[in-house]
Amino acid sequence: MKTIHKHRLTVESEVQKLKFSPEGIVREVEYIQQERKIHVWVEVPADSVIESNVVERNFRVFRTGDGVPDHAAYMGTALDVLAPEAYHVYELTE
Numbered sequence: 003m004k005t006i007h008k009h010r011l012t013v014e015s016e017v018q019k020l021k022f023s024p025e026g027i028v029r030e031v032e033y034i035q036q037e038r039k040i041h042v043w044v045e046v047p048a049d050s051v052i053e054s055n056v057v058e059r060n061f062r063v064f065r066t067g068d069g070v071p072d073h074a075a076y077m078g079t080a081l082d083v084l085a086p087e088a089y090h091v092y093e094l095t096e
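Here the sequence shown is numbered in the numbering used here, starting from 3 and rising by one per residue.
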């Protein structure tokens, strides 16, 4: 059985750590205007909510035109519909 959990990222360019299952797959990335935050929805095994089954994973938000390191894996793009901004979410694999 699987479940989906929501996590929040800021639009800052620092590395941000999220804790969830190593098998977790990012399924959706969206910018929430009211909060001015990026939300990611991650599909995880239902039994992975136990603290011992989670790992810390590193994510970073890039703006259009920013340099993206080679060791970054693309997760999705979130658009701010009220401003000409796009935020690209990558998981840093090193």
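The beta carbon of each residue, even a glycine, is placed where N, CA and C say it ideally should be.
Stretch pair the stretch 67 to 75 + the stretch 32 to 51: three plus CB contacts closer than 8 Å: No: fewer than three Cβ pairs fall under 8 Å.
H90 at chain C interface by Cβ criterion, 8 Å: Given the protein chain composition of this structure (a single chain), no chain C is represented.
C-beta atoms of E93 and F61 nearer than 8 Å: For the purposes of this step, residue 93 is identified with residue 91 of the sequence shown, where counting begins at 1. For the purposes of this step, residue 61 is identified with residue 59 of the sequence shown, where counting begins at 1. Closer than 8 Å, so yes.
Helix, strand or coil at D82 according to DSSP, with G and I counted as helix: Locating residue 82 in the sequence shown gives position 80, where the first residue counts as 1. D82: strand per DSSP, three-state reduction.
Residue span of the beta strand (DSSP E) that contains V31, given as start and end: In the sequence shown, the residue the question calls residue 31 occupies position 29. Where V31 is concerned, the enclosing beta strand (DSSP E) stretches over 27 to 34.
Proximity to A85 [Cα-Cα], best of E96, H7, I34: As a first step, residue 85 must be located in the sequence shown, where it is residue number 83. Selected option, being the one with the closest Cα: I34.
Buried/exposed call for R59, threshold 16 Cβ in 10 Å: For the purposes of this step, residue 59 is identified with residue 57 of the sequence shown, where counting begins at 1. Burial call: buried.
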